[in-house]
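K.L.:
Residue numbers (the working numbering), protein chains in the order written: chain A, 128 to 554; chain B, 35 to 548. Note that the Cβ used here is the ideal one computed from N, Cα and C, for glycine as well. Note that the structure is predicted; figures quoted are calculated from it, not measured. What follows is a single structure, and I will ask about it in a moment.
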Amino acid sequence: MFGWEFPPHISGGLGTACYGLTKALLRQGIEVIFVVPKAFGDEDNEIRIVNASDFEINLEDQSTLELWKRLKYIQVASKIIPYISPEYYTKEYEKLINEEITKNEFFKQKYQFSGKYGPNLMYEVSRYALIASALAATNDFDVIHAHDWLTYPAGIAAKNTSGKPLVVHVHATEFDRSGENINQDVYNIEREGMMQADKVITVSNYTRNIVINRYGINPDKVFTIYNGADAFKFNTRPKVQKPYKEKVVTYIGRITFQKGPEYFVETARKLLQYDDNVRFVMAGSGDMFPRIVRLAARYRIGHKIHFTGFLKGPEVEEVLSYSDVYVMPSVSEPFGISPLEALMSNIPIVISKQSGVAEVLKHAIKVDFWDIDAMANAIYGILHYPGINKMFQKYSKDEVDQLKWDNSAYEVKQLYETLLQEYLILK
Amino acid sequence: MRYICFYFQVHQPMRLRTYRFFDIGLNHHYYDDYQNQYILRRVADKCYLPMNQLLYELIQTFGQRFRVAFSISGVALEQFEKYAPEVIESFKLLANTGAVEFLAETYSHSLASVISKDEFYSQINLQQEKLQSLLGVKHSTAFRNTELIYSDQIGEYVADLGYKVMLAEGAKHILGWKSPHFLYYNVRKPELKLLLKDYQLSDDIAFRFSNRDWNQWPLTADKYVDWLNNIDKNHEVINLFMDYETFGEHQWKETGIFDFMRALPSRVFSHSDYEFANPTELTEILQPVAPLHVPYPTSWADEERDLTAWLGNDLQEDAFNTLYSLRDKVLQTNNPDIFKDWLYLQTSDHFYYMCTKWFSDGDVHKYFNPYGSPYDAYINYMNILSDFITRIDNILSQQADAEQNVNKKQKDVNINKTKTKNLKTTNAKETVKKNNKKDDIKLTKKQLEIIIKKFTLKELALLSKQLPENIFNKIKEQLDDKQKDRLEKEKEKIIRPRKDSIEKVMAKFKEIVK
């Protein structure tokens, strides 16, 4: 299994999902070798982690050099850094100019991966693929499983070396991250991965449709397997004293295009015109942050919207503990795990229909992300009519409980089995 | 001789429009006129008109031997008037044959029977008046409640109005070993006879007719009459109760449902010993065999045959209780627009849309539901209810203002007459009145102790809903923490307190406070 990140060193939902799935696969009796670019040594020791940074490359080997040449396609000089704000990007870019990786660096036998989404990302992606190819030649395994585009080249390389079937797991696509202004290089890598894969797993039907329609992948090999949510513990923290007397509506997530923060502000504006007894909290940071603050100021509702910046686990729980509504107005959300955290705190949730999690949750109010009126109306309903709160007190725990990684792992196992059978027949 | 009793339910709700919170207080029109008109026209053309015609022709052919009964909600009648008056005409034709009985029901196809006897009665009267004025039929002696909802208590209400017979569900887990093929009577009021639906044979037509996975498909009149003949000869009546929309709307014309009904009577007459009869006639022909015990309300809906499709979750309970808590105020307004909305908002369909049971099963629910989710239905309904409440409050406060003005004028006149001397005394009197009011609220320690001793927690819970919060809090302070917890639990249990038990508790309270 190839994954770019693994808990506890994660930047988002991807690492958490990899961890949940791997653990559950072990329980299903499936042995997993998990290859990360950089291991820190404090990962869960039940899982067999292979650290790519430890790996030496045999420079004498002619085939390695050839593969490296082929991998050049990844190294188009675009200095992309996903998941990073523009301010940060400019800063990093200067460093990048100075520290451009020389060709010679490749010929080091060992390379310390940063494992981050840094300026050398594309180099790291291809280097990682190279190691994958070598690993594939020496290890015994049945299926290759690659999580998200950063590891697709590794997956393809391992498949070519070993002749074993490849599964790529789509947790997000470039369209989710960037809307219509996609990075063509990333798109190409994603598409290549999906094309080369024997099976494609998507985390929702929403994502499955994108894979089929935007990447032109044959629907017959694309399967939806929902994420689990075992990692969440029921929030038993005592309620923190609410800092305001008003009701609190909360947004937790990166302030980026994908998460639809401006729709949250528009909704706040609409609600505040009719109901003064409410405040809004936006927890998170991201490249749209300045724009969103300006928007709130322009609407003269700055005194009612509070920006907390990025919050860590316990702080998130604290904010949730005095929230009355949780809103996820995402423009495009392959799955969306954070509403489940809100559910575990028994908070009614309003989520966009353009999210994978909307497919599996019953007790949630679902609206189109662009439908400000419907979103404001849903929030108003939750704040004013007691029936909804009572329902969430009763059912939200069940909702999260039914999302088990064991179920997901079982489906993944089934997929492996059919895949292996198909391979046997071919041979 | 054995009998077949056909009864068809005709109902269309006034569907609500998308009503946002920013409409509250500004827009008082609640209905989706376009949808209502569209659906009513469609069903009229596909079902009501062709099926009425077919029944009319059958009655022409067989005379009074072929008989059917209808129950039409007042809300449906109103929409016929508005959108498809020819449907009224065709029902009139049927009424004039003398072979068709029109049953009594609630005007808005409501759930009033489970919460308010007065409202229940007033809606039955309204429906009967409407039916009489539109179709010219006499007051009925047969009653059917919304969705066949029945309990001993509801039966008693109906009997007290003078009805001779009522229709109810005959599912196995309600009847036990009893067969629905006989006439029964209400356990408290033996004069009210009961006809019970044969759910198997009814659903064969209403639900399974077009189902190709059903091993009996296709269903023909010949086969159906064979089944009827196979029933034990001693059994007396087969009650086939179903939605009228079965014919042409739920089962499309292409399934052959009309041909089936066209062929059925002649096959019954030529190949069986069955005759057709209507509910009221059956009470004269048949002898009741036993009383029926139904302590809790039952209905014809879903596997459970209970009320959970309408009153099974917090969304429904909250909407329902909020609505019915308004009744006294609604009557006080004496305003025809308020009365109208009051009726439309009571229609059971609105609560059905908030049902969460269909998460697990029930394609039937989805078929009838215009909302994406029960939460959407609830929020929309509550927005409308919020507007409705503000309208009522406005009217009542206007009335109060007007009254005060009248009083003031009278006072002014008095003051002019008696001049300043008396003015002081009136002021004094007023302060005395105010003080009295305060005394009403104050409870002595002794009184508090007596209350704690004499009241059970259940009664206290009831009391809490009747008294102002500050007073009840004083009583609550006398309890220890455990008791407080239990009190909260008791409070949650109370969803629809009965009027008589509230009165009892309040009487007890007043006695102590005296």
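For A:I328, return the contacting residues in chain D, with the cut-off set at a CB-CB distance below 9 Å.
P.N.:
Among the chains of the structure shown, chain D does not appear; the protein chains present are A and B.
K.L.:
Only counting runs of 3 or more residues, tell me where the beta strand (DSSP E) segments fall wholly within the region 172–231 of chain B, in order along the chain.
P.N.:
Within the region 172–231 of chain B, the complete beta strand (DSSP E) runs of at least 3 residues are 176–178, 199–202, 218–220, 227–230.
K.L.:
Do we get a CB-CB distance below 7 Å when we pair A:I476 with the residues of chain B?
P.N.:
By this cut-off, A:I476 is not an interface position.
K.L.:
Which residues, taken in chain order from the region 428–458 of chain A, show a beta carbon closer than 7 Å to some beta carbon of chain B?
P.N.:
From the region 428–458 of chain A, no residue has a Cβ closer than 7 Å to chain B.
K.L.:
Taking the alpha carbon of B:R222 as the point to measure from, which residue in B:Y233, B:Q187, B:G204 has its own alpha carbon closest?
P.N.:
Nearest of B:Y233, B:Q187, B:G204 to B:R222, Cα basis: B:Q187.
K.L.:
Applying the 10 Å Cβ sphere with the 16-neighbour rule, what's the burial state of B:V447?
P.N.:
Its Cβ having fewer than 16 others within 10 Å, B:V447 is exposed.
K.L.:
Check the Cβ-Cβ distances between B:Y330 and every residue of chain A, and say whether any is below 7 Å.
P.N.:
Cβ-Cβ to chain A under 7 Å: no for B:Y330.
K.L.:
Taking 7 Å as the threshold (C-beta atoms), are B:R101 and B:N263 in contact?
P.N.:
No. Outside cutoff.
K.L.:
Looking at C-alpha atoms only, which residue of B:M48, B:F55, B:L201 is the closest neighbour of A:A505?
P.N.:
The residue with the shortest Cα to Cα distance from A:A505 is B:F55.
K.L.:
Please list the partners that A:P513 has in chain B, where partner means a Cβ-to-Cβ separation under 7 Å.
P.N.:
Neighbours of A:P513 on chain B, chain order: D352.
K.L.:
To test your reading of the DSSP string, which unbroken alpha helix (DSSP H) runs of 4 or more residues are found completely within the region 327–410 of chain B?
P.N.:
Complete alpha helix (DSSP H) runs here, min 4: 348–358, 361–367, 370–380, 383–386, 397–402.
K.L.:
If you follow the beta strand (DSSP E) that B:I272 is part of, which residue opens it and which one closes it?
P.N.:
Note, B:I272: beta strand (DSSP E), 271–277.
K.L.:
Does the beta-carbon distance from A:V295 to A:A273 come in below 7 Å?
P.N.:
Yes, the Cβ-Cβ distance between A:V295 and A:A273 is below 7 Å.
K.L.:
B:S244 and B:T314 - do their beta-carbons sit closer together than 7 Å?
P.N.:
Cβ distance not < 7 Å, so B:T314 and B:S244 don't count as in contact.
K.L.:
For A:A166 and chain B, any beta-carbon pair shorter than 7 Å?
P.N.:
Taking Cβ atoms only, chain B never reaches closer than 7 Å to A:A166, which makes this a no.
K.L.:
Quick one: any contact between the region 65–84 of chain B and the region 409–420 of chain B, if contact means 3 or more CB pairs under 8 Å?
P.N.:
No: the two stretches stay apart, fewer than three of their Cβ pairs being nearer than 8 Å.
K.L.:
Since B:L160 sits in a beta bridge, which residues does DSSP pair it with?
P.N.:
None; B:L160 has no bridge partner.
K.L.:
For A:V349, which of A:E526, A:Q323, A:K369 has the nearest alpha-carbon?
P.N.:
Of the candidates A:E526, A:Q323, A:K369, the one whose C-alpha sits nearest the C-alpha of A:V349 is A:Q323.
K.L.:
Would you kindly report the start and end of the unbroken beta strand (DSSP E) that includes B:C27?
P.N.:
Any property of residue 27 of chain B remains undetermined from this structure, which presents chain B solely from 35 to 548.
K.L.:
Measuring only between beta-carbons, confirm whether A:M518 sits less than 7 Å from chain B.
P.N.:
True, the Cβ-Cβ gap to chain B drops below 7 Å.
K.L.:
Taking A:A166 as the reference, give the member of A:A281, A:G142, A:N308, A:K150 with the closest Cα.
P.N.:
Nearest option by C-alpha distance: A:G142.
K.L.:
Going by the beta-carbon positions, is the gap between A:N336 and A:A144 smaller than 7 Å?
P.N.:
Taking 7 Å as the Cβ cut-off, A:N336 and A:A144 do not qualify as a contacting pair.
K.L.:
Let me make sure I understand the geometry here. Which of A:K524, A:F129, A:E317, A:V420 has the alpha-carbon closest to that of A:E96?
P.N.:
Missing from the structure shown is residue 96 of chain A; chain A here goes from 128 to 554 and no further.
K.L.:
Assuming A:I271 contacts A:L257 (C-beta within less than 8 Å), just tell me the rounded distance between them.
P.N.:
The Cβ separation is near 15 Å, so there is no contact.
K.L.:
Which value, in whole angstroms, describes the spacing of the CA atoms of B:M48 and A:N516?
P.N.:
Using only the alpha carbons, I get a separation of about 28 Å.
K.L.:
Which stretch, first to last residue, makes up the beta strand (DSSP E) that contains B:V148?
P.N.:
Looking at the DSSP string, B:V148 is not in any beta strand (DSSP E), and its letter there is neither H nor E.
K.L.:
Where do the ends of the beta strand (DSSP E) carrying B:K32 lie?
P.N.:
In the structure as shown, chain B begins at 35 and stops at 548. Residue 32 of chain B is therefore absent and cannot be evaluated.
K.L.:
Since B:R36 and B:H269 are thought to touch, with beta carbons under 8 Å apart, how far apart are those beta carbons, to the nearest angstrom?
P.N.:
With a Cβ gap of about 7 Å, B:R36 and B:H269 count as contacting.
K.L.:
Comparing the C-beta of B:L387 with each C-beta of chain A, is any distance below 7 Å?
P.N.:
What sits at residue 387 of chain B in the sequence shown is Tyr, not Leu. Taking Cβ atoms only, chain A never reaches closer than 7 Å to B:Y387, which makes this a no.
K.L.:
Verify the CB distance criterion: does A:G320 have a CB-CB separation below 7 Å to chain B?
P.N.:
No, A:G320 lies away from the interface with chain B (no Cβ there is under 7 Å from its Cβ).
K.L.:
Excluding the five sequence neighbours on either side, which residues of its own chain have a C-beta within less than 7 Å of the C-beta of B:R51, listed in chain order?
P.N.:
Around B:R51: Y64, Y65, D66.
K.L.:
Excluding the 5 residues flanking A:R175 on each side, which residues of the same chain have their C-beta closer than 8 Å to its C-beta?
P.N.:
Only E158, V159, I160, F161 meet the Cβ criterion.
K.L.:
Could you please give me the residues that DSSP links to B:E135 through a beta bridge?
P.N.:
B:E135 is bridged to B:A103.
K.L.:
May I ask which residues mark the beginning and end of the alpha helix (DSSP H) holding A:V338?
P.N.:
332–342 is the extent of the alpha helix (DSSP H) around A:V338.
K.L.:
What residues from the region 419–440 of chain B come within 7 Å of chain A, judged by C-beta to C-beta, listed N to C?
P.N.:
Residues: none.
K.L.:
Does DSSP classify A:T329 as helix, strand or coil?
P.N.:
Note: A:T329 maps to strand in three-state DSSP.
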